[in-house]
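As structure tokens, the structure follows; a few thoughts come after it.
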Amino acid sequence: MPPRGVKKGSKRDRQYKEVKKSEEEEGRSPKRAKEIAARTVNKEKARSGESRSSSRTSKRGASASRRGGKRAGKGPGGRTRDQLYNDAKKLGIEGRSKMSKSELEKAVAGAS
Numbered sequence: 649m650p651p652r653g654v655k656k657g658s659k660r661d662r663q664y665k666e667v668k669k670s671e672e673e674e675g676r677s678p679k680r681a682k683e684i685a686a687r688t689v690n691k692e693k694a695r696s697g698e699s700r701s702s703s704r705t706s707k708r709g710a711s712a713s714r715r716g717g718k719r720a721g722k723g724p725g726g727r728t729r730d731q732l733y734n735d736a737k738k739l740g741i742e743g744r745s746k747m748s749k750s751e752l753e754k755a756v757a758g759a760s
């Protein structure tokens, strides 16, 4: 369900659905994906002047869509164990539930 004030079929509604779908494909839980999508839409609304009020920080810096997740933990940690586990599940890797993060990374990289 998109944030309040977002009309069905509008640009922001489509943006919400696309971000939510993308986050779920990354291995996030549906609840977390909804939260991220709602925050993204609210920030974009604030940046473009569509919201009644907005904080100073939501107006500064690169927009979330332009930034493309550059600050979203893609540094040395890489993907989370849950994301790797979901990838391993899609690839049909046996014994994935007992694997550590590093073992999952190797198994997913080898199966890809």
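At position 40 of the sequence shown (counting the first as 1) the number is 688 in the numbering used here, and the numbers step up by one without a gap. We treat Cβ as the ideally placed atom computed from N, Cα and C, and that holds for glycine. Predicted model only: the values in this text are computed from it and were never measured.
Of all Cβ atoms in chain D, is any one closer than 8 Å to the Cβ of residue 668?
As a matter of chain content, chain D is missing from the structure shown, which is built from one protein chain.
Write down the C-beta distance between residue 682 and residue 668 rounded to the nearest angstrom, noting that I regard them as a contact closer than 8 Å.
As a position in the sequence shown, residue 682 is number 34, starting the count at 1. As a position in the sequence shown, residue 668 is number 20, starting the count at 1. With a Cβ gap of about 6 Å, residue 682 and residue 668 count as contacting.
On the DSSP letters alone, give me the boundaries of the alpha helix (DSSP H) that residue 667 sits inside.
Locating residue 667 in the sequence shown gives position 19, counting from the first residue. Taken as a continuous stretch (DSSP letters only), the alpha helix (DSSP H) holding residue 667 covers 659 to 673.
Where residue 651 falls: helix, strand or coil (DSSP)
In the sequence shown, counting from the first residue as 1, residue 651 sits at position 3. Here residue 651 carries a coil assignment [DSSP, helix/strand/coil].
Report, in whole angstroms, the separation of the C-beta atoms of residue 675 and residue 730, which I expect to be a contact under 8 Å.
Taking the sequence shown and counting its residues from 1, the one referred to as residue 675 is at position 27. Taking the sequence shown and counting its residues from 1, the one referred to as residue 730 is at position 82. Between the beta-carbon of residue 675 and that of residue 730 there is about 6 Å, and that keeps the pair under the 8 Å contact cut.
How far does the alpha helix (DSSP H) with residue 682 in it reach, from first residue to last?
Translated into positions along the sequence shown, residue 682 becomes position 34. Counting along the chain, the unbroken alpha helix (DSSP H) around residue 682 starts and ends at 678 to 695.
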